[in-house]
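Colleague: The numbering of the sequence shown is the numbering used here, which starts it at 6 and goes up by one.
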Amino acid sequence: MDYVVKLKHTIDALFGSGVSKSLPKELEIKFSRKNGRIKEVYCKNKLLCTLRIDGGLAITPHFAQILLKRKKFKENCVEIDEESKPFVQDGKSVFCKHVRWAGKNILVGTDVPVLFDNKVIAVGRAVVNHQMMMDLERGVAVRIRDTLKDSLGE
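#1: Is the beta carbon of THR55 less than 8 angstroms from the beta carbon of LYS44?
#2: Quick one: is GLN70 buried, meaning 16 or more other Cβ sit within 10 Å of its Cβ, or exposed?
#3: How many Å lie between LYS90 and ASP116 at the Cα?
#4: In terms of alpha-carbon separation, which member of ASP151, THR15, ALA146, LYS51 lies closest to VAL104?
#5: To the nearest angstrom, how far is the alpha carbon of ILE126 from that of TYR47?
#6: What residue does the beta strand (DSSP E) around VAL9 start on, and which one ends it?
#7: Assuming LEU72 contacts PHE20 (C-beta within less than 8 angstroms), just tell me the rounded distance between them.
#8: Going by alpha carbons, who is nearest to GLY114 out of GLY129, GLN136, ILE16, ILE34?
#9: Span of the alpha helix (DSSP H) holding PRO91?
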């Protein structure tokens, strides 16, 4: 089985068909020693994503920025206001009242890139769906897992 094809199908299933076309050509795939499954995917020694046991992907902000080249991927993203940007960059959660726009593919528990001025600043997990993010004035919308500062080693 071609593991790159499997990865492309997983990306298309999770983020929308055609999104995997922005995947870089020079991929390095690391496998689990115990079961032989794909564990991590790198490009030029930079971590792109980790495959979860449940079949999902834990993407990095760097990989989210690469995937953002496809318009369809933006439907998986959240746009925040300027007021909350410094807090989100420090790894704090995104609150519903600071969400300017939320893509229609966001469901509870999905990986969500957080955007500010069409740049990915963080990646987290959705606590509520896209409609509730836009409607609610209180509560957490996205729990941040990884920020661009973490990825750069700052």
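Just so it is clear, CB atoms sit at the ideal spot from N, CA and C, and this is done for glycine as well. Computed from a prediction, not measured in an experiment: that's the story for all the values here.
Modeller: Let me lay it out:
#1: For the purposes of this step, residue 55 is taken as the residue at position 50 of the sequence shown. For the purposes of this step, residue 44 is taken as the residue at position 39 of the sequence shown. Cβ atoms of THR55 and LYS44: closer than 8 angstroms.
#2: Translated into positions along the sequence shown, residue 70 becomes position 65. By the neighbour-count definition (other C-beta atoms within 10 Å, threshold 16), GLN70 is a buried residue.
#3: On the sequence shown, position 85 is the one that residue 90 refers to. On the sequence shown, position 111 is the one that residue 116 refers to. Answer to the nearest angstrom: the Cα atoms are 18 angstroms apart.
#4: What you label residue 104 is simply residue 99 of the sequence shown in a count that begins at 1. The closest CA to that of VAL104, considering only ASP151, THR15, ALA146, LYS51, is found on ALA146.
#5: Counting from one through the sequence shown, the residue named residue 126 turns up at place 121. Counting from one through the sequence shown, the residue named residue 47 turns up at place 42. About 19 angstroms.
#6: In the sequence shown, the residue the question calls residue 9 occupies position 4. Annotation for VAL9: no beta strand (DSSP E) segment contains it, though the alpha helix (DSSP H) segment containing it runs 8-20.
#7: For this step, residue 72 is matched to residue 67 along the sequence shown. For this step, residue 20 is matched to residue 15 along the sequence shown. That belief holds up - the Cβ atoms of LEU72 and PHE20 are roughly 7 angstroms apart, short of 8 angstroms.
#8: Sequence index remark: in the sequence shown, residue 114 carries index 109 (1-based). Per the Cα distances, GLY129.
#9: For the purposes of this step, residue 91 is identified with residue 86 of the sequence shown, where counting begins at 1. Segment 90-94, the alpha helix (DSSP H) holding PRO91.
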